[in-house]
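Okay, so here's the structure we're looking at.
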Amino acid sequence: MNFKNLDKDYAVSGQILPAQIPAIAAAGFKSIVCARPDNEDHGQPSFDEVAREAEKAGLQIVHVPVSGMVGQGAFMKFEQAMEQMPKPVLAYCRSGGRAASLYTMLKRA
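Each residue of the sequence shown is one higher than the last, beginning at 57 in this note's numbering.
This is the structure:
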């Protein structure tokens, strides 16, 4: 699994798989943000599948689905999650771009 650190408390990646959750926890992440809507691509794991494994591993996880541009509702949910979730956080979407955009918006707010 490849991820890119945007700072010490936030990293982004493309789609993660439920089987990768133990490695994510072992890498020191405490929380996960899923910025990908369910059913965006055929065969992608659902948020619920990833969340089940994350919870088994003791990680907090939140779903902030973003299709295209980041809307105000998604940003507000992300902002609240970032205030409450333990760090560091791994955020993902298809490529990591939307997960990075959410964080960029937060830093500019």
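A virtual CB, placed ideally from N, CA and C, is assigned to each residue, including glycine. Since this is a predicted model, take the numbers as computed values, not measurements.
Residue span of the beta strand (DSSP E) that contains residue 60, given as start and end: Reading the sequence shown from its first residue, position 4 is the one you call residue 60. Element bounds for residue 60: 60-63.
Can residue 146 and residue 77 be called in contact, C-beta distance under 8 Å? For the purposes of this step, residue 146 is taken as residue 90 along the sequence shown, with counting starting at 1. For the purposes of this step, residue 77 is taken as residue 21 along the sequence shown, with counting starting at 1. It is not a contact, given that the beta carbons lie outside the stated cut-off.
Beta-carbon proximity check, residue 118 vs residue 161, cutoff 8 Å: The count along the sequence shown starts at 1 and reaches residue 118 at position 62. The count along the sequence shown starts at 1 and reaches residue 161 at position 105. For residue 118 and residue 161, no; Cβs fall outside 8 Å.
Decide if the segment 122-137 is in contact with the segment 148-158; the criterion is three or more beta carbon pairs, one per stretch, under 8 Å apart. yes
So for residue 116, helix, strand or coil by DSSP? The count along the sequence shown starts at 1 and reaches residue 116 at position 60. Strand.
Less than 6 Å between C-beta atoms, sequence neighbours within five positions excluded: which residues of the same chain meet that for residue 66? One-based indexing of the sequence shown puts residue 66 at position 10. Answer for residue 66: 145 and 159, listed in chain order.
Return the chain-ordered ranges of every alpha helix (DSSP H) run that is complete within the segment 88-147 and spans a minimum of 4 residues. 103-112 and 128-140
Would you list the residues sitting across from residue 66 in a DSSP beta bridge? Mapped onto the sequence shown, residue 66 falls at position 10. Residue 66 pairs with 63 and 145.
Top-ranked residue by Cα proximity to residue 114, from 81, 122, 143 and 135: For the purposes of this step, residue 114 is taken as residue 58 along the sequence shown, with counting starting at 1. Measuring from the Cα of residue 114, the nearest candidate turns out to be 81.
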